[in-house]
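If you count by the working numbering, then the sequence shown holds residues 40 to 537, one letter each, in order.
A virtual CB, placed ideally from N, CA and C, is assigned to each residue, including glycine.
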Amino acid sequence: MSTPHDEQVPPDPGFEPAPMSPESAREYEQFMRATTEERTRRGWRDRAKSAFRERPRSSGQTQEYVPIDPAHDQRVLDLALRMAEMLLTVGASVHDVTLTTLRIVRAYGLTTVHVDVTFDSIAVTLHRGHDQEPLTMVRVVNARTSDYTRLQRLQALVGQIEEGLDVQVARERYLDIIRAGHPYRRWIVLGSNGVLAAGVCLLLGASPVIMALAFVAAVGASWLQRGLDRASLPTFFKQMAGGFTVTAVAILATGLDKYGIVDLAGLKPSLVVAAGIVMMLAGLSVVGAAQDALDGSYITAGARTYEVAILTLGIVVGIMLGLYAGQAVGIDINVETTVTSIGTGSEQVIGSVLVAAAFGVGSYAGPRTVLACTALGGFGMACYLVANFVGLGPVTAAAVSAMVSGVVSQVAARRLVLPALALSTAAIVPLMPGSVVFRGLLELVGPTYEQQGILPGVETILSAAAIGLALAAGVSLGTWVARPLKGKAFARRRQSRV
Numbered sequence: 040m041s042t043p044h045d046e047q048v049p050p051d052p053g054f055e056p057a058p059m060s061p062e063s064a065r066e067y068e069q070f071m072r073a074t075t076e077e078r079t080r081r082g083w084r085d086r087a088k089s090a091f092r093e094r095p096r097s098s099g100q101t102q103e104y105v106p107i108d109p110a111h112d113q114r115v116l117d118l119a120l121r122m123a124e125m126l127l128t129v130g131a132s133v134h135d136v137t138l139t140t141l142r143i144v145r146a147y148g149l150t151t152v153h154v155d156v157t158f159d160s161i162a163v164t165l166h167r168g169h170d171q172e173p174l175t176m177v178r179v180v181n182a183r184t185s186d187y188t189r190l191q192r193l194q195a196l197v198g199q200i201e202e203g204l205d206v207q208v209a210r211e212r213y214l215d216i217i218r219a220g221h222p223y224r225r226w227i228v229l230g231s232n233g234v235l236a237a238g239v240c241l242l243l244g245a246s247p248v249i250m251a252l253a254f255v256a257a258v259g260a261s262w263l264q265r266g267l268d269r270a271s272l273p274t275f276f277k278q279m280a281g282g283f284t285v286t287a288v289a290i291l292a293t294g295l296d297k298y299g300i301v302d303l304a305g306l307k308p309s310l311v312v313a314a315g316i317v318m319m320l321a322g323l324s325v326v327g328a329a330q331d332a333l334d335g336s337y338i339t340a341g342a343r344t345y346e347v348a349i350l351t352l353g354i355v356v357g358i359m360l361g362l363y364a365g366q367a368v369g370i371d372i373n374v375e376t377t378v379t380s381i382g383t384g385s386e387q388v389i390g391s392v393l394v395a396a397a398f399g400v401g402s403y404a405g406p407r408t409v410l411a412c413t414a415l416g417g418f419g420m421a422c423y424l425v426a427n428f429v430g431l432g433p434v435t436a437a438a439v440s441a442m443v444s445g446v447v448s449q450v451a452a453r454r455l456v457l458p459a460l461a462l463s464t465a466a467i468v469p470l471m472p473g474s475v476v477f478r479g480l481l482e483l484v485g486p487t488y489e490q491q492g493i494l495p496g497v498e499t500i501l502s503a504a505a506i507g508l509a510l511a512a513g514v515s516l517g518t519w520v521a522r523p524l525k526g527k528a529f530a531r532r533r534q535s536r537v
């Protein structure tokens, strides 16, 4: 019976192969040895080539677009674009905005999405293959605000979206977050700005009288800026009005003490103005600008840096107008010949705690975030004092303190489910060089200018700019160092706790 060729015939159990002759065994051994030597030569040749030639890379092609529903794609892009707009509004970096946008669209199955973020606009493009037109949506960012409670809720919503939340339900929850009122009334925010200024005076070693004057000046400047904001006045002029207000309060107090109307023993009006400068600088996106520069987003970083410079210039112009107005009425604020006074270590730490807590309330942070900001403010000042004690100098000590605070802020934000931007910013607000800025301005318009010229004032202002850059760069570097600690599993576990 014949067996088909495609069937295997089981071997005969009794069959044994014939023994190989000596000549055949010798030839087989020589063949195997030659084959092994050839493979060895090829292996060494390949290794030698790989030492000089780069290995071929992958094609790098993106994933193919899987059509679901054009209406679904549009709803997803619109939701992601609106949430990215809110993140950019509160000062988040380009990296965080882009990453959050991609997390949202990928959660809904859109993998061929590109995000382009600039200073005042966001563009999201969905590539739908080489034979279809892409879907592109753009939003322009006009307003700039600080609402860390809203930021925290948006971050929680992103985690819920990654867990499978329907896009329509996510949109409704987004609208609820946007329509919700601020956690604090306006008078509380005005009071927190006053407490921030008083805390700055405390860490500079001021008396209770000067702290009270700084409180009044900061509240007045914030109230005036609020009214001008309702009138849609450009931010530059609002900063100028705030700088003029705090200077006017300091000059008024100096005049009352000078003419004996009110006895203000130990009055140092320069500290009142310095506290007002820190209060107005606290809301600027210095950290976001430095992070964008380190991440390679130089256009956005340049725009944010220019914005910070212009708004700071508005404060300077307002203060100089106030100083010239004081000189016109015969009231001068004399600059001290020594370095600006600094309080004791305990006064600096307590003042930093007050400044950080007031900053959290003024930025509409939740109670848990305010407590964390308070702790980070004291921690950052403690690091600065230690670094300054070992002889690192004010600029290097500020950079080291900001870097350590940036790392701790990122770790604490992930474990406590809090916005990291609020914590890192609160840690460096007490270290902002408000007193150095004002001292440089006084050297430009006071008796020092008449005696020594413009160089002392310019040198002082440049030192203040160096401290500000050190703070921003230090926080950004600490944030970058803490980024590799993030993991998808930990991020999902963190969001599930919200």
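| Query | Result |
| --- | --- |
| Among Ala-123, Gly-390, Ala-280, nearest to Val-197 - alpha-carbon criterion | Ala-123 |
| Local Cβ density within 10 Å of Ile-227, reported as buried at 16 or more and exposed below that | exposed |
| Distance CB(Thr-137)-CB(Val-115) smaller than 8 Å | no |
| Straight-line Cα distance separating Ile-506 from Val-520 | 21 Å |
| Cβ distance (whole Å) where Phe-254 is taken to contact Ala-321 below 8 Å | Phe-254 to Ala-321, Cβ: 15 Å. No contact. |
| Euclidean distance between Cα positions of Thr-518 and Met-279 | 32 Å |
| CB of Gly-327 within 8 Å of CB of Ala-131, strictly | yes |
| Distance, Asp-170 Cα to Pro-504 Cα | The sequence given here has Ala at residue 504, not Pro. Roughly 53 Å separates the two Cα atoms. |
| Reduced DSSP secondary structure (H/G/I, E/B, other) of Arg-178 | strand |
| Simplified DSSP assignment, three categories, for Leu-165 | strand |
| Gly-281 and Gly-357 closer than 8 Å at C-beta | yes |
| Bridge-paired residues (DSSP) for Val-156 | Ile-161 |
| Presumed contact (8 Å Cβ cut-off) between Leu-174 and Asp-112, rounded CB distance | 6 Å |
| Other residues of its chain near Val-288: CB distance less than 7 Å, five sequence neighbours each side excluded | Leu-252, Val-255, Ala-256, Gly-259, Val-311 |
| Alpha carbon of Asp-205 to alpha carbon of Val-152, nearest angstrom | 19 Å |
| Within 8 Å, strictly: CB atoms of Ala-396 and Cys-412 | yes |
| Unbroken stretches of the beta strand (DSSP E), 3 residues or longer, contained in the segment 116 to 160 | 152 to 156 |
| Asn-181 burial status per 10 Å Cβ neighbour count (16 or more: buried) | exposed |
| Cβ shell of Met-442 (< 6 Å), same chain only, five flanking positions each side left out | Gly-513, Leu-516, Gly-517 |
| Option in Met-319, Gly-417, Arg-178, Val-400 with minimal Cα separation from Ser-448 | Gly-417 |
| Own chain partners of Ser-160 with C-beta closer than 8 Å, once the 5 adjacent residues on each side are dropped | Val-177, Arg-178, Val-179, Val-180 |
| Burial state of Arg-225 (16 or more Cβ within 10 Å) | exposed |
| Rounded separation between Ser-440 and Leu-510 - CA only | 8 Å |
| Pairwise C-alpha distance: Gly-361 and Thr-284 | 8 Å |
| Cβ shell of Pro-409 (< 7 Å), same chain only, five flanking positions each side left out | In the sequence as presented, Pro is not what sits at residue 409; that position holds Val. Excluding positions up to five away in sequence, the list reads Ala-396, Gly-399, Val-400. |
| Coil, strand or helix - Thr-184 by DSSP | coil |
| Simplified DSSP assignment, three categories, for Val-429 | coil |
| Met-250 in three-state terms, based on DSSP | helix |
| Given Phe-275 as reference, the closest of Met-250, Trp-262, Leu-350 once Cα atoms are compared | Leu-350 |
| Own chain residues within Cβ distance below 7 Å of Asp-331, not counting five before or after | Ser-132, Val-133, Thr-339, Ala-340, Arg-343 |
| C-alpha distance - Gln-387 paired with Gly-230, whole-angstrom precision | 21 Å |
| Helix, strand or coil at Val-374 [DSSP, three-state] | For Val-374, the predicted structure reports a pLDDT of 49, less than 50, and the residue's modelled location is therefore unreliable. A value from the coordinates is still provided. Reduced to three states, the DSSP call for Val-374 is coil. |
| Enclosing alpha helix (DSSP H) for Arg-224 [first to last residue] | Arg-224 -> no alpha helix (DSSP H), and no H or E assigned at all. |
| Secondary structure of Gly-315, DSSP reduced to three states | helix |
| Integer-rounded CB distance, given that Leu-165 should sit under 8 Å from Ile-143 | Between Leu-165 and Ile-143 the Cβ distance is about 12 Å, and since that is not below 8 Å, they are no contact. |
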